[in-house]
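Novice: If you're matching them up, the sequences are chains A and B in order.
Numbering-wise, our numbering puts 303 at position 303 of the first sequence, and it's gapless, one number per residue.
Just add 1000 to the spot in the second sequence (first one is 1) and you have our numbering.
A single structure is presented below for examination.
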Amino acid sequence: MTAIDPTAHLTAEQIEELGRELDAIRDEVIASRGEKDAAYIRKVISAQRKLELVSRGVLLFSIFPPAWLLGTAGLSVAKIMDNMEIGHNVLHGQWDWMRDPKIHSTTWEWDHVSPSEQWKHSHNELHHTYTNVIGKDNDLGYGIMRVDEDQKWQPLHLGQPLWNFINACFFEYGIAAYDLELGKNLHKRRRKNPEFRARAKAVGRKIRKQVLKDYVIHPLLSGPSFLTTLAATFTANLVRNIWSHSVIMCGHFPEGVQVFERRSIKGETRGQWYLRQMMGSANISGSRALHFMTGNLSHQIEHHLFPDLPSNRYAEVAVKVRALFEKYELEYVTGPLPKQVFSAWRKVFRLSLPNKKPKVKTPDREQELVAA
Amino acid sequence: MTSTALRSRAWKLLEMVTTPLLPSDYLDLVSPLRAGADLRGRIEAVHPETGDAATIVIRPGRGWRGHTAGQYVRIGVDVDGVRLWRAYSLTSPTNRQDGRVTITVKAIPDGKVSNHLVRRAKPGTLIQLDQPNGDFVLPQAKPAKVLYLTAGSGITPVMGMLRDIEFDDVVMVHCAPQPQDVIFRNELHDLVADKKLRLTEVHTDTDGMLDIARLNELVPDWAERETWACGPAGLLDAAEEHWTEHGVQERLHTERFRPSIAVAGDGGEVTFSATGKTVDADGATPLLDIGEEAGVLMPSGCRMGICFGCVTPLKAGAVRDLRTGEITEAEPGVLIQTCVSAAAGPCDIER
Ligand code: FES
């Protein structure tokens, strides 16, 4: 909870009016979804697949440095596209309206060690419902970090810059463990739970397949280029992991983003839910290429307001959303990628140490709303 | 090792390379019509027939098994980006040299797919196909005398028959509002000129609806003829009654484009409890469509009741299987296929 509630000036009616205005934005996009959007995602999927094929083909000759460079770069980009603009968004059901069973949240599987099914639960259901609610939204620090002054400091937090760095490098494994709720399931009793075991098995299977592909079969097929291809796929995974970790950190960690207390969401109205998403997310500004490579999660605020709208529409939605931020005098947290990444990392470092001065207790949002 | 065993090993290896996708996901990019792919077709031409009907020439994928005259095919077409499935009669002869097949589509008011196909479909477009289906077909043994009784677009399966096999004695009675509404009119008149067909056109705008009793006068020997009838439900109901009355019902074959829908307990309020949505549903629309229209995340696959990709728990109420009319009531553990089930009263779907 930040010292001053930046939404304190809004009345309950204003918040509901804001909700209605956001609903109208959403309805407009839904009514105009069509052929162009469908063509867009098909084009992206086809481009991703071709890029991946060509890159893997080039890597068969990765013993030659230019081939290594080209293939690694291509594969990194292909993996980023798969996870960000395609996987994340398809799994949100953004393209389900096309009724194409091949591009559908219930059938899609991504190039990632966390099985789609599990990720959808922890991400779509938990994180998107309880965005930035301490104790409910585990994305806040992934259970391994302290990301707000209100969280109690423990000596373990001293190491969090290091954990965060390791997490960035092996991000897909971090996510898989997180989706499994590994931390809380490692107790003896929980480990035996058949439901947990089934899920752990599914993760194991997925990891085995992914590892076999990237670190055994593809290098083996490369023959004399075995080692260089192995290094290439490792590098591509590393690049993809660090990239997606950075993008995702920018979504909720930069300075200016609000977190909320558990009790502040009791009996939350639609308007209040929207408001929490607005205050709990941050954007990244930049070129069209940047938006694309982040899977349009650079429009994190818009994505959190409307998680199931097709990603290619967030840019146009952003203009209208931003106007609402201005109208209601709210801070639209955004900035270029380096700035946002730096801001998020600074917070990680800062909060690895105990709070400087004892915090003054501030009223929470609910009480202020009642007062207003 | 046998060559099949070798091939399946190679395929397994390929699957490992493409995981989590399948080799076919990549092959589809370059060769969507190849053997072994999901069945698709490519629209190669669209020929207007009348003001609101057109013939679509389709090159089917390699997996196409061929059809029998009179059968229909279900096609999946993307209209405004949304995949919609409809069934259309095949109008091409079965021995067409170039391997293409045709369907002939009449645009019906507010028909999303039919209007799209007649007015907007472009050559080059990929569509999804099912294998041809239906038992509105000619028998192995040639009947001596044949009657085709059709109305409107009910002529389409019959045209497939006419183009496929010649009979010695064929009469056709066809109803359409006006002469220019008769699909395939020129071709029919050519057949008449060649003495291959006797044709009676009933123009309902001027002549009124066909009174089935008039058959005695139009085709005096109708009762001796093997008859294939296709058209609106009213015509078919009257024909079935007429043939039964004269004790010759085994000579009548009918095809209904839309199965008649049961009346009792039709439709109701559907609750999607996991999402917290409640909507009104009629008794004819699949719950899958109802859910999708309401913005509920619905799993799906074939959308025709074969893949079980859409099964979902039915928590309360009852649903009707649109194919058989069978009613399923909620009980713990009961799963329904939402793509072929409609609300039979209020129900609760766990989605
Ligand atoms: S979608 Fe295939 S059975 Fe329902």
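Every residue, glycine too, gets a C-beta built ideally from N, C-alpha and C.
Note that the structure is a prediction, hence the values are computed from the model and not measured.
Residues of chain A with CB closer than 7 Å to the CB of G1081 (chain B), please, in chain order.
Specialist: To locate residue 1081 (chain B), count along the second sequence from 1; it is residue 81. Correct list: R33, G34, E35, D37, A38 and M98.
Novice: Whole-angstrom Cβ separation of V1113 (chain B) and R1086 (chain B), contact assumed at under 8 Å?
Specialist: Within the second sequence, the letter at position 113 stands for residue 1113 (chain B). Within the second sequence, the letter at position 86 stands for residue 1086 (chain B). Indeed they touch by this definition, with Cβ atoms about 5 Å apart.
Novice: Across which residues does DSSP place F260 (chain A) in a beta bridge pair?
Specialist: Looking up residue 260 (chain A) in the first sequence gives position 260. Looking at the DSSP assignment, F260 (chain A) forms a beta bridge with A:V133.
Novice: Relative to ligand 1, what is the chain-ordered list of residues with a Cβ closer than 6 Å to any of its non-hydrogen atoms?
Specialist: B:S1300, B:G1301, B:C1302, B:R1303, B:G1305, B:I1306, B:C1307, B:F1308, B:G1309, B:C1310, B:Q1337 and B:C1339
Novice: Would G1111 (chain B) count as contacting chain A if we go by Cβ distances under 8 Å?
Specialist: Locating residue 1111 (chain B) in the second sequence gives position 111, counting from the first residue. With a threshold of 8 Å between beta carbons, G1111 (chain B) makes no contact with chain A.
Novice: Per the contact definition of three or more C-beta pairs closer than 8 Å, is the region 1125-1135 of chain B in contact with the region 1158-1165 of chain B?
Specialist: Remark: fewer than three beta-carbon pairs, one from each stretch, lie closer than 8 Å, so the region 1158-1165 of chain B and the region 1125-1135 of chain B are not flagged as touching.
Novice: Drop a sphere of 10 angstroms on the beta-carbon of I265 (chain A), count the other beta-carbons inside from all chains shown, and report buried for 16 or more, exposed for fewer.
Specialist: In the first sequence, counting from the first residue as 1, residue 265 (chain A) sits at position 265. I265 (chain A) is buried by the Cβ-count criterion.
Novice: Using a C-beta cutoff of 8 Å, does G295 (chain A) count as contacting chain B?
Specialist: One-based indexing of the first sequence puts residue 295 (chain A) at position 295. No, because no Cβ of chain B sits closer than 8 Å to the Cβ of G295 (chain A).
Novice: In angstroms with no decimal places, state the Cα-to-Cα distance between K184 (chain A) and G286 (chain A).
Specialist: As a first step, residue 184 (chain A) is located in the first sequence; it is residue number 184 there, counting from the start. As a first step, residue 286 (chain A) is located in the first sequence; it is residue number 286 there, counting from the start. Straight through space, the alpha carbons of G286 (chain A) and K184 (chain A) are spaced by roughly 39 Å.
Novice: How would you call I80 (chain A), buried or exposed, if buried means at least 16 neighbouring beta carbons within 10 angstroms?
Specialist: Here the question's residue 80 (chain A) lines up with position 80 in the first sequence. So I80 (chain A) ends up on the buried side.
Novice: Contact criterion: CB-CB distance below 8 Å. Does R276 (chain A) meet it with respect to chain B?
Specialist: In the first sequence, the residue the question calls residue 276 (chain A) occupies position 276. Not one beta carbon of chain B lies nearer than 8 Å to the beta carbon of R276 (chain A).
Novice: Can you look up V147 (chain A) in the DSSP assignment and give me helix, strand or coil?
Specialist: Counted from its first residue, the first sequence places residue 147 (chain A) at position 147. Three-state result, V147 (chain A): coil.
Novice: Determine the chain D residues that contact E1292 (chain B) at a beta-carbon separation under 9 Å, and present them in chain order.
Specialist: Here the protein chains are A and B, and chain D is not one of them.
Novice: Going along chain A in order, which residues have a C-beta closer than 9 Å to the C-beta of V1017 (chain B)?
Specialist: On the second sequence, residue 1017 (chain B) is found 17 positions in, with the first residue counted as 1. The CB of V1017 (chain B) comes closer than 9 Å to the CB of R56, K213, I217, H218 and L221 in chain A, given here in chain order.
Novice: At the 8 Å Cβ level, is P363 (chain A) part of the contact set with chain B, yes or no?
Specialist: By 1-based counting over the first sequence, the position of residue 363 (chain A) is 363. Here the model assigns P363 (chain A) a pLDDT of 49, short of 50, so the residue's position is not dependable and the matter cannot be decided.
Novice: Classify W1011 (chain B): buried if its beta carbon has 16 or more other beta carbons within 10 angstroms, exposed otherwise.
Specialist: Here residue 1011 (chain B) refers to the residue found at position 11 when the second sequence is read from its first residue. Under this definition W1011 (chain B) is an exposed residue.
Novice: Buried or exposed for C1302 (chain B), going by 16 or more other Cβ atoms inside 10 Å?
Specialist: Looking up residue 1302 (chain B) in the second sequence gives position 302. When all chains shown are included, C1302 (chain B) counts as buried.
Novice: Look at the alpha carbon of E1226 (chain B) and the alpha carbon of D1135 (chain B), and state the distance between them as a whole number of angstroms.
Specialist: In the second sequence, the residue the question calls residue 1226 (chain B) occupies position 226. In the second sequence, the residue the question calls residue 1135 (chain B) occupies position 135. Cα to Cα, E1226 (chain B) sits roughly 15 Å from D1135 (chain B).
Novice: Under 7 Å between beta-carbons, which chain A residues line up against D1078 (chain B)? List them in chain order, please.
Specialist: The sequence position of residue 1078 (chain B) within the second sequence is 78, counting from 1. Neighbours of D1078 (chain B) on chain A, chain order: A38.
Novice: Quick check on the DSSP output: the beta strand (DSSP E) that includes F1308 (chain B) runs from which residue to which?
Specialist: Walking along the second sequence from the start, residue 1308 (chain B) turns up at place 308. Neither: F1308 (chain B) is in no beta strand (DSSP E) and is coded neither H nor E.
Novice: For the region 1298-1310 of chain B, which residues have a CB atom closer than 7 Å to at least one CB atom of chain A, in sequence order?
Specialist: P1299, S1300, G1301 and G1309
Novice: Under the assumption that P1177 (chain B) contacts T1200 (chain B) (Cβ atoms under 8 Å), give the Cβ distance between them as a whole number of angstroms.
Specialist: Counted from its first residue, the second sequence places residue 1177 (chain B) at position 177. Counted from its first residue, the second sequence places residue 1200 (chain B) at position 200. So it is not a contact: roughly 16 Å between Cβ atoms.
Novice: Quick test of your reading: L324 (chain A) and E21 (chain A), contact by CB under 8 Å. State the CB separation rounded to the nearest angstrom.
Specialist: Here residue 324 (chain A) is taken as the residue at index 324 of the first sequence, counted from 1. Here residue 21 (chain A) is taken as the residue at index 21 of the first sequence, counted from 1. The pair is a contact, with the Cβ atoms about 6 Å apart (cut-off 8 Å).
Novice: Please compile the residues from chain A whose C-beta is within a distance smaller than 7 Å of the C-beta of D1130 (chain B).
Specialist: As a first step, residue 1130 (chain B) is located in the second sequence; it is residue number 130 there, counting from the start. Result: empty, since nearest Cβ-Cβ is about 14 Å, beyond 7 Å.
Novice: If you measure from the beta carbon of D111 (chain A) to each beta carbon in chain B, is any gap under 8 Å?
Specialist: For the purposes of this step, residue 111 (chain A) is identified with residue 111 of the first sequence, where counting begins at 1. Yes, D111 (chain A) lies at the interface with chain B (some Cβ there is under 8 Å from its Cβ).
Novice: Out of A:M278, A:S62, A:Y215 and A:P254, state which residue places its alpha-carbon closest to the alpha-carbon of P6 (chain A).
Specialist: Numbered from its first residue, the first sequence carries residue 6 (chain A) at position 6. Comparing Cα-Cα distances from P6 (chain A) to each of A:M278, A:S62, A:Y215 and A:P254, the minimum goes to A:M278.
Novice: Consult DSSP for R1185 (chain B) and reduce its assignment to one of helix, strand or coil.
Specialist: Position 185 of the second sequence, counted from the start, is the residue given in the question as residue 1185 (chain B). Helix at R1185 (chain B).
Novice: Classify F165 (chain A) as buried or exposed, calling it buried when 16 or more other Cβ atoms lie within 10 Å of its own Cβ.
Specialist: Counting from 1 along the first sequence, the entry for residue 165 (chain A) is found at position 165. So F165 (chain A) counts as exposed.
Novice: Where in the region 1267-1296 of chain B do unbroken runs of the alpha helix (DSSP H), each at least 4 residues long, occur, reported from the N-terminal end onward?
Specialist: Listed in chain order, the complete alpha helix (DSSP H) runs (minimum 4 residues) inside the region 1267-1296 of chain B are 1287-1293.
Novice: Please report how far the alpha carbon of E17 (chain A) lies from the alpha carbon of H304 (chain A), in whole angstroms.
Specialist: Here residue 17 (chain A) corresponds to residue number 17 of the first sequence, with the count starting at 1. Here residue 304 (chain A) corresponds to residue number 304 of the first sequence, with the count starting at 1. Answer to the nearest angstrom: the Cα atoms are 18 Å apart.
Novice: Please report the straight-line C-alpha distance between V317 (chain A) and S105 (chain A), rounded to a whole angstrom.
Specialist: Taking the first sequence and counting its residues from 1, the one referred to as residue 317 (chain A) is at position 317. Taking the first sequence and counting its residues from 1, the one referred to as residue 105 (chain A) is at position 105. Using only the alpha carbons, I get a separation of about 22 Å.
Novice: Tell me which residues of the region 186-211 of chain A have at least one Cβ-Cβ distance to chain B shorter than 8 Å, keeping chain order.
Specialist: Shown in chain order are the members of the region 186-211 of chain A whose Cβ falls below 8 Å from a Cβ of chain B: K206, K209 and Q210.
Novice: Measuring CB atoms only, is the region 1077-1093 of chain B touching the region 1107-1123 of chain B, in the sense that at least three cross pairs come out at less than 8 Å?
Specialist: Yes, the region 1077-1093 of chain B touches the region 1107-1123 of chain B.
Novice: Compute the Euclidean distance between the alpha carbons of S55 (chain A) and V90 (chain A), then round it to the nearest angstrom.
Specialist: Here residue 55 (chain A) refers to the residue found at position 55 when the first sequence is read from its first residue. Here residue 90 (chain A) refers to the residue found at position 90 when the first sequence is read from its first residue. C-alpha separation (whole angstroms): 23 Å.
Novice: If I follow the unbroken beta strand (DSSP E) through V1073 (chain B), where does it start and stop?
Specialist: Position 73 of the second sequence, counting from 1, holds the residue named residue 1073 (chain B). Its beta strand (DSSP E) spans residues Y1072 to V1079.
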